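Asks: Pasting a structure below so you can have a look.
Numbering (the working numbering), first residue to last: 7 to 124.
And the structure:
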């Protein structure tokens, strides 16, 4: 049976002093950051720069060219459906060719293959 010691070793005097020094350094940095953020003695922050929006306003006034999003979506859907129908036709013809391939003569096979390729 192996016993496991979950207790941490007691802190030494040297490690306690290091922790105190770290805390002091953190306090000094925080105080220095507070004075620099406040702008030194004046205690006021600079206002943020004004946002530039003329570019957006000009772009909004320009009329869009080309087709609207709705029209493009409709065209895309129609193209997809046409492509899907063509694929179904090819698959249907190919499956019937595979089914009847053993029964067909060489001339019939080449004729059916050329029909599918169209």
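Glycine included, every Cβ here is placed at the ideal spot set by N, Cα and C. Model, not experiment: these values are computed from the prediction.
#1: Taking residue 97 as the reference, give the member of 122, 111, 54 and 55 with the closest Cα.
#2: What whole-angstrom Cβ distance do residue 103 and residue 118 have, given they're in contact under 8 Å?
#3: Residue 124 to residue 101, Cα distance in whole Å?
#4: Ignore the nearest five residues each way along the sequence and tell me which others in residue 72's own chain have a CB closer than 6 Å to its CB.
#5: Between the C-alpha atoms of residue 81 and residue 114, what's the straight-line distance to the nearest angstrom?
#6: Rounded to the nearest angstrom, what separates residue 111 and residue 120 at their Cα positions?
Replies: In terms of the structure at hand:
#1: In the chain shown, the residue the question calls residue 97 occupies position 91. Taking only the C-alpha atoms, the option nearest residue 97 is 122.
#2: Counting from 1 along the chain shown, the entry for residue 103 is found at position 97. Counting from 1 along the chain shown, the entry for residue 118 is found at position 112. The pair is a contact, with the Cβ atoms about 5 Å apart (cut-off 8 Å).
#3: As a position in the chain shown, residue 124 is number 118, starting the count at 1. As a position in the chain shown, residue 101 is number 95, starting the count at 1. Rounded to whole angstroms, residue 124 to residue 101 spans 16 Å at the Cα level.
#4: Position 66 of the chain shown, counted from the start, is the residue given in the question as residue 72. Counting only Cβ-Cβ distances below 6 Å, and skipping sequence neighbours, we find nothing.
#5: Within the chain shown, the letter at position 75 stands for residue 81. Within the chain shown, the letter at position 108 stands for residue 114. Straight-line Cα distance between these residues: approximately 39 Å.
#6: In the chain shown, the residue the question calls residue 111 occupies position 105. In the chain shown, the residue the question calls residue 120 occupies position 114. Computed Cα separation, rounded: 14 Å.
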